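Residue 1 is where the sequence shown starts when you use the UniProt record's numbering, and the numbers rise one by one after that.
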Amino acid sequence: MAQLPQLPQLPREEYTVGWVCALPVELAAAQEMLDEEHADLERDIDDNDENLYSLGSIAGHNVAIVCLQAGHIGNNPAAVVATQMRSTFKGIRFGLMVGIGGGVPSAAADIRLGDVVVSQPYKTFGGVVQYDSGKATASGFELTGSLNAPPQVLLGAVAKVRANEFRGKSKVLEHTSKLERNPKFQRSKTGPDVLFDAGYDHEGGQTCDRCRTDRYQDREPRDEEAVSHYGTIASGNQVMKNAVERDRVSAQLGGVLCFEMEAAGLMNSFPCLVVRGICDYSDSHKNKRWQPYAAGVAAAYAKEVLSVIPPVDVAKTRTAEEAIQSARKRAICSIPFLPNQSFVGRENELDVLKQRLMVDRACYKMSIVGLGGTGKTQVALQFAYTVRENWPDFSVFWVPALSMGSFEQACTEVLRLLGMPPAADGKDDAKELLKRHLSTARAGKWLLVVDNADDPDIVFGTGQATGIANYLPQSEEGVTLFTTRTQQIAVDLTHGDVLQLGPMNRQDAGSFLEKSLTRKDLLRDNTKKETLLDELLYLPLAIAQAAAYLNRTGVSIAKYLQLLQSTEQDLVELMSKEFRDDTRYKNSANAVATTWVVSFDHIRVHDAVAADLLLFISCIEWKAIPRSILPSLQSEVRMEDVIGMLCGYSFLSRRGNEEEYDVHRLVHLATRIWVRQYGDIRGVAEKATRHLADVFPSNDYANRTVWRTYLPHALRLLEDKQSYLAEERSQLCLLVGRCLRVDGRIREAVRWLEESCEHRKELDKSDSKQLSSQQELAVAYQANGQVKEAVRLLERVVAIQAEVLTEDHPNQLESQHSLAVAYQANRQVKEAIRLLEHVVAIRTRVLAEDHPNRLASQHNLAGVYWANGQVKEAVGLLERVAAIRTEVLTEDHPDQLASQHALAMAYQANGQAKEAVRLLERIVAIYREVLAEDHPSRLASQHGLAVVYQANGQVKEALSLLEYVVKMKQSVYRFDHPSRVKSESVLRFFQGTV
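Here's what the structure looks like:
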């Protein structure tokens, strides 16, 4: 009998590739891929390795193949086997985990039986995820830990294999054909490839012969026999055999390609690539018919990977043992804070940091930028501990940039932990030493967190001092994360790699509050809890401060809300209370009211103009700030620079049209506190008052859009009463009062016009400014139903002007016009006619036919004609006024509508009821679109329409409309207001006639 050739015997140190299988069928397929078989391992007497190996070579690589012991499968046995293999074969550089797996078919991946799935970094995972490793949280199951990506040499080989696939030069099928001589591995023995609906369970038995064929999923035919897929493999301790659960877990993990049970035990202890042949669909319809073929295809793919790696490249690679031990020895953690046990949420932000810095390695530096108090340090802290847990080969260093001293102290501490402290004589520069060390390859992988990089002088230096940026290391193995309050610093440090951090979302804010409170019973009132979070604008620091106050005092959320919503002084005291927080620096400001002071001071030092703009904004409303209301600067470019700086600190935010801005409400409060404590609050208010008095528009209808946006800001400034500039404040009160009157806010108009008069009472009685304020106040008095006060004040104004002004002076005529209208309201019709005819005569002589003042006096003269029973004269005059205004004014102009309203009432008095109804219905419809429900003009037009309905025989419509008008007037007018009294009287009359 011929003697078998003797197999070569190699020293164990020459084996550079470890191949791990879980099942005997996988081992058989692996053995068939060997180009040459080697003799079994010679055992040393002190070997503690219980594994049995198959040895050989593939494409010039010496390969040790091991299979898990029968009956011992899963992640833990795989880890034990790989550890023993590393110990026995000390020359192994990397491994391959090759075998079968259950596929996850989806719209994104058309996975079929017999396909191959290869582990490759995707999204936040390195190629393999242990999906059943984690902890239960309030929001559900949270994964903990992560697994390393395959070594670079294997990922490079995968890229080359994929390129060969695209070019049609892959030899996987050629390798697979080597198995064809064994019938068990033949494709023809597998049976059909059937995918059932996810919701349909197996009917029982070893095969699917009893399963319903109408529950097959229709799939497009495919030419390729086996296709390779690349992405995440889900590894767990139990077999996945439920399609619904399969799809749920896959969706939760962002899409996985297959499930298996061994890879998670290897990735952090045995640098390897996972290759799985798909033998089922991870559902209840599992059977073993596809296992041999799937194992063979996976083995063929693994052989293809080894075939594209030159053996010389493997020889240059560190051994697996060296790589693991080196990472373990080097990984150092220097974080000044313990993990924040109250941290919740921010999943999206953390995912971005993990993906860009750790998984994709898309950049070496990133910045977290946001308003002080949004939790930048806490997000960085959570990320630092995530890296420590999930990337154990990374050292984590934390240095504060609060000052150059704190930075240098942190550098010294890191050097001490690294075992290379600076010389005691102080000659060594700790900053420079750490920079040089971390910039070298021997420092290994590291994450450096530079926290609170807020001051540009500290970060970038000045002409006299070097900045922190000069001492930051650079290495392909290291990543740096900055936190900063300013966009400019973020961009200068990391260019476009900036993560914007805003307030928390509602759900996370609620969870954070719940975690921070010691008394959970305070949260029983969900409405109060939601209101509190709304008031705190979901700002983490404000929520933490509120929780600290509630914990310390024991008050209810309702009481805290009451304090928040009371006076500004109470709010200031509440927001200024410091509290202890072990996850923040000892000397940092923890109170909302003071946390931004350092940024305010930076702005004041670096750009006094920006500081002045911030001071002006502190005097006005915090939202919907028009750009045009801001104090102008010497150029538009300078204005953009200043606004950009404030936006960069997140103090100011642009609205969509970039013509309006908002300030965070709590920042606005903090700015006001800063002014009170460190600035000249009176001087700031007076400067703002002077500016607003200059830019506030007149009450012309054409300006209505502007003055409506300015009003909230002017009112906020006036309410504050910090300015003692009598003239400027009086002028602003006058301008504001006029616009409020036109807008139908009569009581407010009276209030501010009275103050305007009060400031000007010391002026000479004939001073035009005093008379102007008094005339406007009188008009507002009349609108407010204070007719006698209006007449008395206007008679005084007219008498004084008669002494000092010419007969045709515009101010004289305007006061006489107003007095005539007041006379009419006071039922002094004869006096009203006499005065208005005088005004009309002069204005007809000196003004153009379509001049607004001429038309206004003619309009009011027609009104008193109608009141005096001179109906035809009223109709004629009003038709002429209405015709001219129709030509020169827009359809919804108040003067246009007022003349048509008056004409309609004159038509009604003249027996032309139908014409009156037509006109007034149109006016009411327009007012409904452009005026508030309680605006005097809108209510007057509705009252008029009810009257003409009655005259036209439309009794029901008249009664219904007038009841509504009376209800509205009773809600906004005093009981003795003439307009209310008139409507109530007419309503009683209507009710008496029904």
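Each residue gets a CB set at the ideal place from its N, CA and C atoms; glycine is no exception.
Note that the coordinates shown come from a computational prediction; the quantities given were computed from them, not determined experimentally.
Taking 8 Å as the upper bound for CB-CB distance, residue 299 and residue 64 are not in contact here, some 15 Å apart. Across the set 57, 665, 27, 189, the C-alpha of 665 shows the shortest separation from the C-alpha of residue 620. Taking C-beta atoms as the reference points, residue 528 and residue 501 fail to come closer than 8 Å. Straight across, the Cα-Cα distance linking residue 715 with residue 728 is about 14 Å. Secondary structure remark: continuous beta strand (DSSP E) runs of at least 3 residues inside the stretch 496 to 562, in chain order: 498 to 500. In the structure shown, residue 5 adopts coil according to DSSP, grouped into three states. The stretch 398 to 406 makes no contact with the stretch 533 to 540, as fewer than three CB pairs between them are under 8 Å. In summary, residue 808 is exposed, with fewer than 16 beta-carbon neighbours lying within 10 Å of its beta-carbon over all protein chains present. If the five residues before and after residue 622 are omitted, its C-beta is found closer than 6 Å to the C-beta atoms of 663, 665, 668, all from its own chain and listed in chain order.
Counting only runs of 4 or more residues that sit fully inside the stretch 287 to 349, the alpha helix (DSSP H) segments are 291 to 307, 311 to 316, 320 to 330, in chain order. For residue 85, the enclosing alpha helix (DSSP H) starts and ends at 75 to 88.
Per DSSP, residue 653 is one residue of the beta strand (DSSP E) stretching across 652 to 654. Leaving aside the five residues that flank residue 821 on each side, the residues in its chain whose CB is nearer than 6 Å to its CB run, in chain order, 860. Taking residue 885 as the centre and dropping the five residues before and after it, the same chain places the C-beta of 855, 895, 896, 899 closer than 7 Å to its C-beta, in chain order. With three or more CB-CB distances shorter than 8 Å, the stretch 330 to 349 counts as touching the stretch 388 to 397. Within the DSSP secondary-structure output, residue 208 pairs in no beta bridge.
Between the C-alpha atoms of residue 720 and residue 685 there is a straight-line separation of about 9 Å.
Per DSSP, the beta bridge partners of residue 119 are 231. Looking at 744, 712, 753, the one whose alpha-carbon comes closest to that of residue 731 is 753.
A distance of 8 Å or more separates the beta carbons of residue 319 and residue 12. Judged by DSSP in its simplified three-state form, residue 661 adopts strand. The distance from the Cβ of residue 734 to that of residue 773 is about 5 Å, consistent with a contact at the 8 Å cut-off.
Residue 466 has its alpha-carbon roughly 32 Å from the corresponding atom of residue 653. DSSP places residue 757 inside the alpha helix (DSSP H), whose first and last residues are 746 to 759. Each residue's CA atom was taken as its position, placing residue 292 and residue 183 some 10 Å apart. In the structure shown, the three-state DSSP call for residue 398 is strand. Distance from residue 260 to residue 276 at the Cβ level is roughly 6 Å; contact confirmed, criterion being Cβ atoms closer than 8 Å.
Taking a C-beta distance under 8 Å as the contact criterion, residue 539 and residue 373 qualify as a contact pair.
In the structure shown, residue 66 falls within a strand segment according to DSSP collapsed to helix, strand and coil. The three-state reading of DSSP puts residue 786 in coil, since its state is none of H, G, I, E or B. Take the alpha-carbon of residue 608 and the one of residue 600: they are about 11 Å apart.
As a beta-bridge residue in DSSP terms, residue 19 pairs with 65, 96. In the three-state scheme derived from DSSP, where H, G and I count as helix and E and B as strand, residue 857 is classed as helix.
Cβ-Cβ distances below 7 Å link residue 306 to 17, 58, 59, 61 in the same chain, with the five nearest sequence neighbours on each side left out; the list follows chain order. Within its own chain, the residues whose Cβ lies closer than 6 Å to the Cβ of residue 236, once the five positions on either side in sequence are excluded, are 131, 132, listed in chain order. For residue 647, the secondary structure class from DSSP, reduced to helix, strand or coil, is helix.
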